[in-house]
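In my numbering, the protein residues as written are 830 to 1082.
We treat Cβ as the ideally placed atom computed from N, Cα and C, and that holds for glycine.
The structure presented is a predicted model; accordingly, all values stated were derived computationally and were not measured.
This report refers to the structure that appears directly beneath it.
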């Protein structure tokens, strides 16, 4: 099986489904919501079974709450929801990835996506006893957040410029903001500072510490999924994080 070819067919299928939605509905909000559902179903097929896809808002144990997030990827330790598309409340300690879906990216939509991302990354996950087989303890800096766009009114250079204005080049002790911006058929923009074990080198072998652009003209969707899977931490919780949201305390050993 040629996986890259399979994903090229999947890209075409996503585009066809978007066109069907546009033909069927005239309201922008309805079109957007329908395509978000299509993308959640696609992503759910290719993620490991230990992960689940949903949508809604995220809370922390200090009463913080995010804005509505299109895509929320939760671990097997999070309470399960059977409906991919019904909004739910999620706990930050059980989230391992998130993203925004845009049928058409504009300056306004990019700014909105960044605000939604920051509302999630500004929450405060609390540590629980865990074993991390890949990645560090999840926090607002290492939680991979993507923006997925089928079309864009902005050039790749314009998107790159706006992302750099939001988070300038250099080492960031407290990176918030998105980590991946995928524009179907054009490019994948990535900020490697948001990842624990992923880095990108320039032509001289120097590590890049700022937003950079990868081509997405061929097998872009395949590369996007592989990048996202690489960025999601693999963790085994020895302790139930749900206790953080109750008055039940655990004796220290």
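DSSP-derived helix/strand/coil call for residue 945: Against the chain shown, residue 945 aligns to sequence position 116. Looking at residue 945 - three-state DSSP - the assignment turns out to be helix.
Proximity test, Cβ basis, 8 Å: residue 923 and chain B: The displayed structure is made up of one protein chain only, and chain B is not part of it.
Buried or exposed by the 16-neighbour rule on C-beta atoms within 10 Å, applied to residue 904: Taking the first residue of the chain shown as position 1, residue 904 is located at position 75. The residue is buried, with at least 16 neighbouring Cβ atoms inside 10 Å.
Burial state of residue 986 (16 or more Cβ within 10 Å): Translated into positions along the chain shown, residue 986 becomes position 157. Exposed: under 16 other Cβ atoms inside 10 Å.
Candidates 1057, 976, 984, 1032: closest to residue 875 by CA position: Translated into positions along the chain shown, residue 875 becomes position 46. Comparing Cα-Cα distances from residue 875 to each of 1057, 976, 984, 1032, the minimum goes to 1057.
Top-ranked residue by Cα proximity to residue 947, from 852, 914, 982, 992: By one-based count along the chain shown, residue 947 stands at place 118. The shortest Cα separation from residue 947 among 852, 914, 982, 992 belongs to 992.
Per-residue burial, residue 918 [other beta carbons within 10 Å of its own, 16 or more giving buried]: Residue numbering aside, residue 918 sits at position 89 when the chain shown is read from its first letter. With fewer than 16 other Cβ atoms within 10 Å, it is exposed.
Pairwise C-alpha distance: residue 1059 and residue 836: Numbered from 1 along the chain shown, position 7 holds the residue referred to as residue 836. Numbered from 1 along the chain shown, position 230 holds the residue referred to as residue 1059. Using only the alpha carbons, I get a separation of about 17 Å.
Three-pair Cβ contact test at 8 Å for the stretch 848-865 versus the stretch 914-934: yes
As assigned by DSSP and simplified to three states, the class of residue 917: Translated into the one-based positions of the chain shown, residue 917 becomes position 88. Strand, per DSSP.
Residue 1008 vs residue 953 beta-carbon contact at 8 Å: Taking the chain shown and counting its residues from 1, the one referred to as residue 1008 is at position 179. Taking the chain shown and counting its residues from 1, the one referred to as residue 953 is at position 124. Contact flag unset, no.
Residue from 1021, 913, 984 whose Cα sits closest to the Cα of residue 881: Here residue 881 is taken as the residue at index 52 of the chain shown, counted from 1. With distances taken between Cα atoms, residue 881 lies closest to 913.
CA nearest to the CA of residue 869, picked from 1071, 1006, 1065, 1054: One-based indexing of the chain shown puts residue 869 at position 40. When only C-alpha atoms are compared, the closest one is 1054.
Burial state of residue 832 (16 or more Cβ within 10 Å): Mapped onto the chain shown, residue 832 falls at position 3. Residue 832 comes out exposed.
Continuous alpha helix (DSSP H) assignments of at least 4 residues falling wholly in the stretch 982-1011: 985-995
Cβ shell of residue 1122 (< 8 Å), same chain only, five flanking positions each side left out: Limits of the chain in this structure are 830 at one end and 1082 at the other, which puts residue 1122 out of reach.
Buried or exposed (CB count within 10 angstroms, at least 16 for buried), residue 1034: As a working note, residue 1034 is residue 205 in the chain shown. Exposed, since its Cβ has fewer than 16 Cβ neighbours within 10 Å.
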